[in-house]
Amino acid sequence: MNKKDLKKASIAAEAPAQDWHPADIKAALNKAGYTLASLAEEHGLKAGGTLSKALTSSFPIAEQRIADAIGVHPMVIWPSRYNEDGTRKPQGFRALESSRRSANAQAKAQGEQE
48 MNKKDLKKAS
58 IAAEAPAQDW
68 HPADIKAALN
78 KAGYTLASLA
88 EEHGLKAGGT
98 LSKALTSSFP
108 IAEQRIADAI
118 GVHPMVIWPS
128 RYNEDGTRKP
138 QGFRALESSR
148 RSANAQAKAQ
158 GEQE
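For the sequence shown, this note's numbering gives the first residue as 48, with consecutive numbering after it.
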(Lines of atoms letter the chains of each structure in order from A and count residues from 1; the text may use other names and numbers.)
(Lines give C-alpha, C1' and ligand atoms only; values in the text may rest on other atoms or scores of the structure.)
Protein backbone atom coordinates (compact mmCIF):
# COMPACT_ATOMS: atom_id res chain seq x y z
CA MET A 1 0.00 0.00 0.00
CA ASN A 2 1.42 3.39 -0.94
CA LYS A 3 1.25 6.60 1.10
CA LYS A 4 -1.77 7.88 -0.82
CA ASP A 5 -3.77 4.71 -0.06
CA LEU A 6 -2.75 4.84 3.60
CA LYS A 7 -3.92 8.43 3.86
CA LYS A 8 -7.31 7.56 2.31
CA ALA A 9 -7.68 4.61 4.69
CA SER A 10 -6.90 6.73 7.74
CA ILE A 11 -9.37 9.43 6.66
CA ALA A 12 -12.08 6.81 6.15
CA ALA A 13 -11.35 5.31 9.58
CA GLU A 14 -11.64 8.74 11.26
CA ALA A 15 -14.83 9.77 9.45
CA PRO A 16 -17.97 9.28 11.51
CA ALA A 17 -20.41 6.67 10.31
CA GLN A 18 -23.22 8.08 8.22
CA ASP A 19 -26.91 7.41 8.61
CA TRP A 20 -28.38 4.98 6.13
CA HIS A 21 -30.06 6.52 3.12
CA PRO A 22 -33.88 6.22 3.31
CA ALA A 23 -33.86 4.05 0.18
CA ASP A 24 -31.42 1.67 1.88
CA ILE A 25 -33.67 1.44 4.93
CA LYS A 26 -36.69 0.68 2.74
CA ALA A 27 -34.67 -1.94 0.85
CA ALA A 28 -33.61 -3.61 4.12
CA LEU A 29 -37.25 -3.62 5.24
CA ASN A 30 -38.29 -5.20 1.94
CA LYS A 31 -35.61 -7.89 2.34
CA ALA A 32 -37.06 -8.61 5.78
CA GLY A 33 -40.54 -8.94 4.26
CA TYR A 34 -41.97 -5.56 5.25
CA THR A 35 -43.02 -2.26 3.78
CA LEU A 36 -43.46 0.83 5.94
CA ALA A 37 -47.22 0.40 5.57
CA SER A 38 -47.22 -3.29 6.56
CA LEU A 39 -44.93 -2.61 9.52
CA ALA A 40 -47.19 0.24 10.65
CA GLU A 41 -50.23 -2.01 10.33
CA GLU A 42 -48.50 -4.70 12.39
CA HIS A 43 -48.03 -2.16 15.18
CA GLY A 44 -51.63 -0.96 15.01
CA LEU A 45 -50.88 2.30 13.21
CA LYS A 46 -53.20 3.53 10.48
CA ALA A 47 -50.57 4.62 7.94
CA GLY A 48 -46.94 4.00 7.05
CA GLY A 49 -46.36 7.75 7.12
CA THR A 50 -46.03 7.56 10.87
CA LEU A 51 -42.97 5.34 10.55
CA SER A 52 -41.57 7.22 7.56
CA LYS A 53 -40.93 10.23 9.81
CA ALA A 54 -38.01 8.32 11.29
CA LEU A 55 -36.30 8.12 7.90
CA THR A 56 -35.46 11.82 7.96
CA SER A 57 -35.88 13.05 11.54
CA SER A 58 -35.58 11.77 15.08
CA PHE A 59 -38.57 9.68 16.14
CA PRO A 60 -37.35 7.08 18.70
CA ILE A 61 -40.36 4.76 18.73
CA ALA A 62 -40.48 4.51 14.95
CA GLU A 63 -36.70 4.06 14.80
CA GLN A 64 -36.93 1.13 17.20
CA ARG A 65 -39.77 -0.52 15.26
CA ILE A 66 -37.89 -0.21 11.96
CA ALA A 67 -34.64 -1.47 13.48
CA ASP A 68 -36.40 -4.44 15.11
CA ALA A 69 -37.95 -5.40 11.77
CA ILE A 70 -34.54 -5.24 10.09
CA GLY A 71 -32.85 -7.03 13.00
CA VAL A 72 -30.32 -4.41 14.10
CA HIS A 73 -29.97 -1.75 16.80
CA PRO A 74 -31.25 1.70 15.72
CA MET A 75 -27.73 3.04 16.26
CA VAL A 76 -26.57 0.96 13.28
CA ILE A 77 -29.06 2.68 10.99
CA TRP A 78 -28.84 6.20 12.47
CA PRO A 79 -25.40 6.60 14.12
CA SER A 80 -25.71 10.40 14.12
CA ARG A 81 -28.63 10.13 16.57
CA TYR A 82 -26.81 7.98 19.14
CA ASN A 83 -23.77 8.24 21.41
CA GLU A 84 -20.99 5.64 21.25
CA ASP A 85 -22.50 3.76 24.21
CA GLY A 86 -25.87 3.37 22.45
CA THR A 87 -27.74 6.07 24.36
CA ARG A 88 -29.66 8.69 22.40
CA LYS A 89 -28.14 12.09 21.80
CA PRO A 90 -30.24 15.02 23.02
CA GLN A 91 -32.45 16.46 20.27
CA GLY A 92 -34.07 19.87 19.78
CA PHE A 93 -34.53 21.97 22.89
CA ARG A 94 -32.78 19.40 25.09
CA ALA A 95 -29.70 19.59 22.87
CA LEU A 96 -29.63 23.37 23.23
CA GLU A 97 -30.01 23.15 27.00
CA SER A 98 -27.26 20.55 27.36
CA SER A 99 -24.87 22.59 25.19
CA ARG A 100 -25.60 25.70 27.29
CA ARG A 101 -24.94 23.77 30.49
CA SER A 102 -21.68 22.46 29.08
CA ALA A 103 -20.59 25.94 28.01
CA ASN A 104 -21.48 27.38 31.42
CA ALA A 105 -19.62 24.60 33.23
CA GLN A 106 -16.54 25.14 31.06
CA ALA A 107 -16.63 28.89 31.66
CA LYS A 108 -16.97 28.34 35.40
CA ALA A 109 -14.10 25.85 35.47
CA GLN A 110 -11.91 28.20 33.46
CA GLY A 111 -12.74 31.08 35.83
CA GLU A 112 -11.75 28.96 38.86
CA GLN A 113 -8.41 28.08 37.25
CA GLU A 114 -7.48 31.73 36.80
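Glycine residues also receive a C-beta, built at the ideal position from the N, C-alpha and C atoms.
For R135, list the residues DSSP reports as bridge partners. As a first step, residue 135 is located in the sequence shown; it is residue number 88 there, counting from the start. In the DSSP output, where bridge partners are listed per residue, R135 has Y129.
Out of curiosity, what's the CA-to-CA distance linking I117 and H68? Sequence index remark: in the sequence shown, residue 117 carries index 70 (1-based). Sequence index remark: in the sequence shown, residue 68 carries index 21 (1-based). Roughly 14 Å between the two C-alpha positions.
Pair within 9 Å by beta-carbon distance, P126 and E110: If you number the sequence shown from 1, residue 126 lands on position 79. If you number the sequence shown from 1, residue 110 lands on position 63. Cβ atoms of P126 and E110: not closer than 9 Å.
Is the Cβ-Cβ distance between S104 and G95 less than 9 Å? For the purposes of this step, residue 104 is identified with residue 57 of the sequence shown, where counting begins at 1. For the purposes of this step, residue 95 is identified with residue 48 of the sequence shown, where counting begins at 1. It is not a contact, given that the beta carbons lie outside the stated cut-off.
Is the CB-CB distance between K92 and I113 below 9 Å? On the sequence shown, residue 92 is found 45 positions in, with the first residue counted as 1. On the sequence shown, residue 113 is found 66 positions in, with the first residue counted as 1. Before going further, note that residue 92 is Leu rather than Lys in the sequence given. No, these two residues do not count as a Cβ contact at 9 Å.
Within the continuous alpha helix (DSSP H) that includes T103, where are the two ends? Here the question's residue 103 lines up with position 56 in the sequence shown. Start and end: G96 to T103.
Nearest CA to the CA of K136: which residue from A70, F106 and A79? For this step, residue 136 is matched to residue 89 along the sequence shown. Of the candidates A70, F106 and A79, the one whose C-alpha sits nearest the C-alpha of K136 is F106.
My assumption, with CB atoms under 8 Å, is that I72 sits in contact with I124. Please give the rounded CB distance. As a first step, residue 72 is located in the sequence shown; it is residue number 25 there, counting from the start. As a first step, residue 124 is located in the sequence shown; it is residue number 77 there, counting from the start. Contact holds; Cβ gap of about 6 Å.
Can you list, in chain order, the residues of its chain whose CB lies under 6 Å from that of A74, leaving out five sequence neighbours each side? As a position in the sequence shown, residue 74 is number 27, starting the count at 1. Same-chain partners within the cutoff: there are none.
Taking DSSP as the reference, what is the three-state secondary structure of D115? As a first step, residue 115 is located in the sequence shown; it is residue number 68 there, counting from the start. If DSSP states are grouped into helix, strand and coil, D115 belongs with the helices.
Please classify A101 as buried or exposed, where buried requires at least 16 neighbouring CB atoms within 10 angstroms. Translated into the one-based positions of the sequence shown, residue 101 becomes position 54. With 16 or more Cβ atoms within 10 Å of its Cβ, A101 is classed as buried.
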